[in-house]
Every structure is written in C-alpha cells, then in structure tokens.
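Residue numbers (the numbering used here), protein chains in the order written: chain A, 1 to 368; chain B, 1 to 368.
Only one structure is covered here, and it is reproduced in the block below.
Protein chains: 2
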Amino acid sequence: MSRIWNFSAGPATLPEAVLQQAQAELLDWHGVGAGIMEMSHRGKYFTEVIQTAEADLRELLAIPQNYKVLFLQGGATLQFSAVPMNLLNGRSADYVATGAWSKKAHQEAGRIGKARLAGSTEAQGQPADGFIRLPRQDELNLDPQAAYLHVCTNETIHGVEFLDEAHLPQTPANIPVVADMSSHILSRPMEVSRYGIIYAGAQKNVGPSGLTLVIVREDLLGHAGANVPRLLDYKVQVENDSMLNTPTTFSIYLAGLVFKWLKAQGGLARIAEINQEKAALLYAAIDNSQGFYQNPVASECRSLMNIPFRLPSVEQEAEFVRASEAAGFMGLKGHKSVGGIRASLYNAMPLAGVAALVKFMREFAAKG
Amino acid sequence: MSRIWNFSAGPATLPEAVLQQAQAELLDWHGVGAGIMEMSHRGKYFTEVIQTAEADLRELLAIPQNYKVLFLQGGATLQFSAVPMNLLNGRSADYVATGAWSKKAHQEAGRIGKARLAGSTEAQGQPADGFIRLPRQDELNLDPQAAYLHVCTNETIHGVEFLDEAHLPQTPANIPVVADMSSHILSRPMEVSRYGIIYAGAQKNVGPSGLTLVIVREDLLGHAGANVPRLLDYKVQVENDSMLNTPTTFSIYLAGLVFKWLKAQGGLARIAEINQEKAALLYAAIDNSQGFYQNPVASECRSLMNIPFRLPSVEQEAEFVRASEAAGFMGLKGHKSVGGIRASLYNAMPLAGVAALVKFMREFAAKG
Chain A
1 MSRIWNFSAG PATLPEAVLQ QAQAELLDWH GVGAGIMEMS HRGKYFTEVI QTAEADLREL
61 LAIPQNYKVL FLQGGATLQF SAVPMNLLNG RSADYVATGA WSKKAHQEAG RIGKARLAGS
121 TEAQGQPADG FIRLPRQDEL NLDPQAAYLH VCTNETIHGV EFLDEAHLPQ TPANIPVVAD
181 MSSHILSRPM EVSRYGIIYA GAQKNVGPSG LTLVIVREDL LGHAGANVPR LLDYKVQVEN
241 DSMLNTPTTF SIYLAGLVFK WLKAQGGLAR IAEINQEKAA LLYAAIDNSQ GFYQNPVASE
301 CRSLMNIPFR LPSVEQEAEF VRASEAAGFM GLKGHKSVGG IRASLYNAMP LAGVAALVKF
361 MREFAAKG
Chain B
1 MSRIWNFSAG PATLPEAVLQ QAQAELLDWH GVGAGIMEMS HRGKYFTEVI QTAEADLREL
61 LAIPQNYKVL FLQGGATLQF SAVPMNLLNG RSADYVATGA WSKKAHQEAG RIGKARLAGS
121 TEAQGQPADG FIRLPRQDEL NLDPQAAYLH VCTNETIHGV EFLDEAHLPQ TPANIPVVAD
181 MSSHILSRPM EVSRYGIIYA GAQKNVGPSG LTLVIVREDL LGHAGANVPR LLDYKVQVEN
241 DSMLNTPTTF SIYLAGLVFK WLKAQGGLAR IAEINQEKAA LLYAAIDNSQ GFYQNPVASE
301 CRSLMNIPFR LPSVEQEAEF VRASEAAGFM GLKGHKSVGG IRASLYNAMP LAGVAALVKF
361 MREFAAKG
C-alpha cells in the first residue's frame, strides 16, 4: 500500500498513525471482542471513549470550565439552524459575511428568525469568488441589541481566515460571538473565552464526516423556544451528555484518537508552528511564480488551512488537476462554485506533502 | 482475536466479513492511496460508493421507482421532528403508540405541530413496560383528515413488532403511513408501497450509528414550511442527492458493504427465514423454562429482532448479566427504562450465537 498526498478540503486526510490504530482495533477494541462501533453508546467502554475525548479536547483548546462540549451530528449546516433556534428567541442576530459559508449561515438563519447582514466583504460586481479580505471595524453596522454576532473564522472555499482573535469584530461584552470553525479548529491555540459558541464539522481537522463539535458557554443554554426539536436544543443535549439519542460513536472514537495524536505532536502551539511553516511554503511558491499562480487574498487574512489559487487559464487549471493526479496528488481541484485550484493543509498533512506539492507546482509552471 | 457474541440493541454487532473488508481498505480504498473516509464526498470514488449503496438497497427492498432514497444524519430522533416539519403544513397527524419509541415520536411531533394519539396499547396502571400488543383496528380513533399516520414497526425496547404489512392499521388511501423501522429494516422483505415514508437509524441492521435512511414517496416531497431548515427538507435533500452538506461518508460506505453482504446471503427472503429460526429458538427457550424466563408480548407481534425477558427477581437478572459477560456474551442487559434482559437478534447475529445463548440460559436456569 502506498498513501498519496491528499489535499482534499474535506472529508480530508487523517493522520496515518490514527488510521492504523483504528484499523487494528476495528473488530476488537482493547481485547473486548467487538469493535467500538458495535458497542452500546451507554456501556462502560464507549463512556470511557467519549469522556476521554472530551477531556483531551478540553486540554488541547484550554476550554474554560463554564463551557460545555457537545458531540453532535448534522454538520455545520445543521448548526446554521440550531444556533438561531437556541439563541434568537424573538430577537435578531448579526452576521458578517467573509466567504461562501458565512453567507450561507446568514441565509439559513433567516429561515428561522431575523438575521441581519452586519457586514460583508463580497466585492461588488465580482463573481462569487469575490471574498478576499476581512471587514474593517468601521465597515460594520452592528446592532447593539443583537442576540449574537456570527462569523466563520476560516472560509474553506475562499481561503479567508481570522488568524487570531484580535482580528475578530469588536462587539459589546453582552453580545456573544458565535463562530463556525469547521475548517480550522485545532489548527492553533484558540482563545475560547472570546466566543459564546464555537461549532465545527469534524471532517477537516477532527475526524470523519458526520460528527459536529459544539462548544457552548453555559449562560447561552436554556433559551431555545418551545417548538425547537429537543435534539437541537443545546441545553437538552448538555443534560444528556450528547446522548439524547445514539451519537455517531465511531466518529467520536476516531476524533478521540486524533486528539491523542495532536497531544503527542506537542499540542496546538506546536501544531500552529508547523501549520505556519506549511502555509508559508505554499504561499511563497504562489507569490514567487511570476504570476503563474495567483492567490488574491489580503496577506493579513490568508488562510493557513485552505489555499485557493488560479492559473493563467481554466485550461491550464484542468491540466494542472489532471497532471497532479497522475503525479500522485489528490483533491487539488477548487470548489465547483469558484473553480481554480485549492490545496487544504490541515493538521494531518505533513510538511513533506506540501514540499512535494510545491516541487510539482514549480515543474508544472516551468512547462506551462 | 476472538469475537464475542454481541446481543447489543444498537449500536450492534456487524457482519464479520464486512468489518474485515472495511479493515483491509481503511487506509487505502481500492488501491487509490487514501481511505474512503478521507475522500471528497463529491469525488468520483465516493459517488460510486453512494450510488452503489442506493442501487443495492433498492434491489434488496424492491423499492418502487416513485420512492426516493436519502442517506441522512441525526438518527430516527431527528426524523421525529423532520417528518412533521415536512408533512404537517398546518394539519394534524395521527400517532399509534405500541412502545417507548412511537410514544416519543408522538411527543416530539407535538413540539412541531398538532399530533393526535390515535391509539395506544400502553396498559393502564402498568409500569412503563406495559406495551405488550398491537392495537385492534376497532380501538383506533383515526382522523380522516390526518396528514399521516405514524407507527414504529418494531419497538426496540418493548419487543413489539408489526410482523408483516397485514398487521398495519387500515387507513384511507389518502393518508400515508409513516414508519420508524430503525430496529427491523432489512430483516425481512417489506412492502414499501404500503408506506409513505420509511425511516431508520442505521445502528441496528444497516451499519454504524450516525447514518439515517429515509425512503420517501415522491408526492410527499415539497410540503415543508418556509421556516423548515433546508437540511431537514426532504425535497431539498432529494435535489441534492443527500449532499446538501457533507454526508456521513464512512457510515454510508459501511452500509453499502452490509447491503452487498445481505445480497450474498440470498437477499431478504432468505434473511427472514434465518431470523425466524433464530427468534423461534430463543422464544422456545423462554417459553419452555417453566416460567423462569418470561416474555409477556402477545404471540402475533413478538419481535424477531429484540427479545426482552424477565427472570424471577431483579437480583437474578443482575446475576444473569454478570454471568453472561463472564461467559463471553455482551449487551444482554435490558433497557434502563424497563430493566430485565434483552437479546437483540439482528441480521448480523448468526444462529450459532443464539444457540450459544440458549445453552447458557438453560444452564443458568438449572443453577437458579
């Protein structure tokens, strides 16, 4: 077996050591005689798995005690609905659009209740890929009565990232920031206390698709309306330890292995250094290509995780994808809504993979 | 490695051959150089996986062409909400309670809109385990204007099953029957055309937890209200081939392997014969135990999948669980809400496992 360099935006490459352990334990977890995916979620074995996963996640992100951790289903998209169902309660919420996902979150919230667009960096008159920067504070039109302010802290399609909490919009202390961190959670230390709610689909930096992490501050529990499905009510899920119904047990187990792997790498401070090194290598290859490769995102918010770039023509982009696959790379085709190329450099992508990609890009440009 | 006999109600034992294939392919699916759980859900490889899974499921259940198949998330519990969100549209629905799960489905629907209890076999003055039969047609109080009639065709906790479609409540042709089949889907041929919607959490007879199957008749699409989350709108999911967002890819892959395994066993007609043989063996052991083991469910609706039984005392039940685990069995403890013992005989449990359990029960009773 030979593993390829998989730059898929998600579901994405997972640490090989994690997969090897899951493989070894698939039919027989810890000598019990059954796989973890075959066991009751309420039994002692899985209870140990989910509690260890939560403890390790809390340690990695230094999650304060007044935050609850939930292991849910439905992806970030179900949270687009669950967040307003839990927090709006007849009020209005503010959304900041910095890419396709925050725009979608705003649209979905509008189905549940009142959701204002407090700011957007979508370039006027541009195609759908016209998100290349963060908004300045003076561009935001914030509602001082908003139930919350929603951001997507890393835009997977457009490659626009809030690189630290200092870049977040400034809001009054009484307005919680709700963040979709799907595509960069665990990529660096996060200042959890700056957020009211953090949510993330697992299929980039955490584990298999189908698992969704929600980290919610305690004072934001208990505000869901009477007609909200119990499964989507954070308070009910907290009271049931994420097990109002059967959780996605195998995905939680695998996420737990990823958390152990992250700790073994040295934790998020070390992971952040590696991620910076990887992204710097790829951005340098783009910026030093005499314009053959182009990434339009402003330097202060260029994503370390998802790096989209264009070639001089769509024909060359198609050829780049074809040639990259022939050369043993996977997942470099850009999102269908924007075209081009995209390389996702999640935690599980080693520096050697990025180096191999950069070498391929240099050779491709020389031929092109 | 030695596999034990796992009678867990779900997540439940999976076919060993399926797990072995998943194990072999975990890091490298079909020589591609990456596992299926690491690949884009929109790429050619996973597209092949989900399309093959759907085709095999359609073949196994002989699903008519005017039914759509969806691979969703959130378990049956999310469908408790999604069904009324998609079908009520200001109207009322009828629910028949034959156990804990149909009762819960009714309660959850009441959060979304109007849900009537058209019938219940919960014994008056009994404890919570007082479901032991199906309702007679003349006990039902059906609303001729109901948006749908909901049933749970196999009650996992109480062991009450609609053993064929002839046992279903008779409804006017314009009132679709909606069935939660979580714990017996694929256990026998089903007459799909008798239902408007079939849904099922995967973690019993289909695959890992986190996947939910929905089979919906085309004329029931497009009736969701404007404030229903798009992710929960069946029509939107049909239009997006179950991929409005990232589906639970690994679980779908594994379900696909289970479908292939079912076909290799001879399809659902053959599976039904085996399931009847397995259940007959266990019910005979209970009924021929001179009252040491007791199952109170009426014979015409005794579940072939989930067989709860009691011992003379709770102390003996606790000792039974302890001794069974020492003897290499797993998952025999009854649901916490009703106590006692429960053996789940899903498709993946071989006859040899039931024979081993029956032998253990005989020896335990002789000692007791």
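We treat Cβ as the ideally placed atom computed from N, Cα and C, and that holds for glycine.
Just so it is clear, the structure is predicted and the values come from calculations on it, not from any experiment.
Whole-Å CB distance - residue i paired with residue j, under 8 Å assumed
i	j	result
A/Ala-200	A/Leu-213	5 Å
A/Gly-368	A/Gln-316	6 Å
A/Ile-215	A/Val-178	Contact doesn't hold; Cβ gap of about 11 Å is too wide.
A/Ala-34	B/Arg-3	7 Å
A/Leu-26	B/Ala-17	In fact, because the Cβ distance is near 13 Å, the residues do not count as touching under 8 Å.
A/Ala-285	A/Met-361	5 Å
A/Leu-408	A/Phe-320	No answer is possible for residue 408 of chain A: it lies beyond the span of chain A, which begins at 1 and ends at 368.
A/Ile-185	A/His-335	Their Cβ separation, rounded to whole angstroms, is 19 Å, which puts A/Ile-185 and A/His-335 out of contact at 8 Å.
B/Glu-165	B/Met-305	So it is not a contact: roughly 16 Å between Cβ atoms.
A/Thr-98	A/Cys-152	6 Å
A/Leu-142	A/His-167	That pair is no contact at about 16 Å.
For residue i, the three-state DSSP class (helix, strand or coil)
i	result
B/Tyr-253	helix
A/Met-330	strand
A/His-150	strand
A/Ala-64	According to the sequence displayed, residue 64 of chain A carries Pro and not Ala. It is coil, neither helix nor strand.
A/Lys-260	helix
B/Gly-119	strand
A/Thr-47	helix
A/Asp-219	helix
A/Ala-128	Confidence is the limiting factor: at A/Ala-128 the pLDDT is only 48, short of 50, which leaves the residue's position unreliable, though a coordinate-based value still follows. Correct three-state label for A/Ala-128: coil.
B/Leu-304	coil
B/Asn-86	helix
A/Phe-320	helix
A/Lys-114	strand
A/Asn-245	coil
B/Ala-97	strand
B/Arg-3	coil
B/Leu-281	helix
Neighbourhood of residue i by C-beta distance below 6 Å, restricted to the same chain and skipping five residues each side
i	result
A/Arg-310	Gln-294 and Gly-340
B/Leu-14	Ala-348
B/Lys-235	Leu-221 and Gly-222
A/Ala-115	Ala-93, Tyr-95, His-106 and Ala-109
B/Ser-242	Leu-70 and Phe-71
B/Val-228	Met-85
A/Leu-140	Ala-118, Gly-119 and Pro-169
The ligand ATP heavy atom lying under 7 Å from the CB of residue i
i	result
A/Ile-175	The ligand ATP is absent from the structure shown, which contains no ligand whatsoever.
Chain-order list of residues whose beta-carbon lies under 8 Å from that of residue i (same chain, five-residue window excluded)
i	result
A/Ala-378	Outside the shown range of chain A (1 to 368) lies residue 378 of chain A, about which nothing can therefore be said.
B/Gln-137	Pro-169 and Gln-170
Own chain partners of residue i with C-beta closer than 7 Å, once the 5 adjacent residues on each side are dropped
i	result
A/Ser-251	Ala-202, Gly-207, Pro-208, Gly-210 and Leu-211
B/Ala-146	Ser-92, Ala-93, Asp-94 and Ile-175
A/His-223	Asn-86, Leu-87 and Asn-89
B/Gly-256	Val-49, Thr-52, Ala-53 and Asp-56
A/Met-1	Residue placement at A/Met-1 is poorly supported in this model, since its pLDDT is 47, which falls under 50; the coordinates still yield a value, given next. Nothing meets the Cβ criterion.
Proximal chain A residues relative to residue i, where beta-carbon distance stays under 8 Å
i	result
B/Gln-51	Here the premise fails: no neighbours, minimum Cβ distance about 17 Å.
B/Asn-6	Gly-33, Ala-34, Glu-38 and Met-39
Contact list for residue i against chain B, beta-carbon separation under 7 Å
i	result
A/Asn-154	In chain order: nothing, as chain B lies at least about 16 Å away.
Proximal chain B residues relative to residue i, where beta-carbon distance stays under 9 Å
i	result
A/Leu-78	Gln-73, Gly-74, Leu-78, Pro-229, Leu-231, Leu-232 and Asn-245
A/Arg-111	Ala-226, Asn-227, Val-228, Pro-229 and Arg-230
A/Ala-323	Within 9 Å Cβ-Cβ: nothing; A/Ala-323 doesn't reach chain B, min ~16 Å.
Contact list for residue i against chain B, beta-carbon separation under 8 Å
i	result
A/Arg-3	Leu-27, Asp-28, Gly-33 and Ala-34
Amino acids of chain A, ordered along the chain, whose beta-carbon sits closer than 9 Å to that of residue i
i	result
B/Phe-250	Pro-11, Pro-208, Ser-209, Gly-210, Phe-250, Ser-251 and Leu-254
B/Tyr-273	Before going further, note that residue 273 of chain B is Glu rather than Tyr in the sequence given. None at all; the shortest Cβ gap to chain A is about 24 Å.
is_contact[residue i, chain E] using C-beta, thresh 8 Å
i	result
B/Ser-81	Although the question refers to chain E, the structure presented lacks it and instead comprises the protein chains A and B.
Given residue i as reference, the closest of the options once Cα atoms are compared
i	options	result
B/Leu-332	A/Val-228, A/Leu-351 and A/Ser-40	A/Ser-40
A/Ser-8	A/Ser-313, A/Pro-308 and A/Lys-114	A/Pro-308
A/Asn-154	A/Cys-301, A/Leu-262 and A/Arg-217	A/Cys-301
B/Thr-246	B/Pro-11, B/Ala-365, B/Ile-50 and B/Trp-29	B/Ile-50
A/Ser-337	A/Asn-275, A/Gln-265, A/Gln-237 and A/Ala-100	A/Ala-100
B/Leu-231	A/Leu-149, A/Gly-75 and A/Ser-324	A/Gly-75
A/Gln-79	A/Val-160, A/Glu-59 and A/Ile-112	A/Ile-112
B/Leu-57	B/Asn-205, B/His-150 and B/Trp-5	B/Asn-205
B/Ala-323	B/Phe-364, B/Val-297 and B/Ala-343	B/Phe-364
A/Ala-123	A/Glu-38, A/Asn-275 and A/Pro-296	A/Pro-296
B/Pro-11	A/Thr-249, A/Ala-352 and A/Tyr-346	A/Thr-249
A/Val-238	A/Ala-280, A/Leu-282 and A/Glu-218	A/Glu-218
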